[in-house]
Amino acid sequence: MTTRVEIINDFLAINVKPGATIQDVVEASGSALPFGCRDGQCGTCVVEIVQGMEFLSAKNEKEFKVLKEVCAGTCSENARLACQMKIDKPNGVVRIKY
1 MTTRVEIIND
11 FLAINVKPGA
21 TIQDVVEASG
31 SALPFGCRDG
41 QCGTCVVEIV
51 QGMEFLSAKN
61 EKEFKVLKEV
71 CAGTCSENAR
81 LACQMKIDKP
91 NGVVRIKY
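Residue numbering for the sequence shown follows UniProt numbering, starting at 1 and increasing by one per position.
Rendered as structure tokens:
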């Protein structure tokens, strides 16, 4: 059972199993979504979840902290760090834009 992850900016879609990180998806699909530190500290990989938040892992403490600093109130509630989130549930669609 998989979840379809669509990266809108790159016109890419890939089916992935729960437990995969969005970073894994980006690397496997050839997306141009940028990553800096890859550890949830720099904020380079801020994305907006257009659809499917319910299929992703919850925000962790590090992600809340970095989004607060990087966005300074300018990001939507659907902003996430691509390096920190994982596909949490199967049988859905997650649409991302960066």
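In this text, a Cβ means the ideal position worked out from N, Cα and C, and glycines have one as well.
Leaving out five residues on either side along the sequence, give the residues of the same chain with a beta carbon under 7 Å from the beta carbon of residue i.
i: D88; result: P18, F55, L56, S57
i: A20; result: K86, I87
i: Q84; result: G40, N60, K62, E63
i: C75; result: V46, L67
DSSP three-state call for residue i: helix, strand or coil?
i: Q23; result: helix
i: L12; result: strand
i: L33; result: coil
Would you kindly report the start and end of the unbroken beta strand (DSSP E) that includes residue i?
i: L81; result: 79-81
i: E6; result: 3-7
i: K97; result: 93-97
i: I49; result: 46-51
Given residue i, which residues of its chain have a CB within under 6 Å of its CB, disregarding the five upstream and five downstream residues?
i: N9; result: K97, Y98
i: I7; result: S31, I96
What residues in its chain sit with their C-beta under 8 Å from that of residue i, if we drop five residues either side in the sequence?
i: T44; result: P34, F35, G36, C37
i: D24; result: V16
In the DSSP assignment, find the unbroken alpha helix (DSSP H) run with residue i in it and report its ends.
i: K62; result: 61-71
- prompt: Would you call the segment 14-30 and the segment 59-76 touching, i.e. three or more CB-CB distances under 8 Å?
  reply: no
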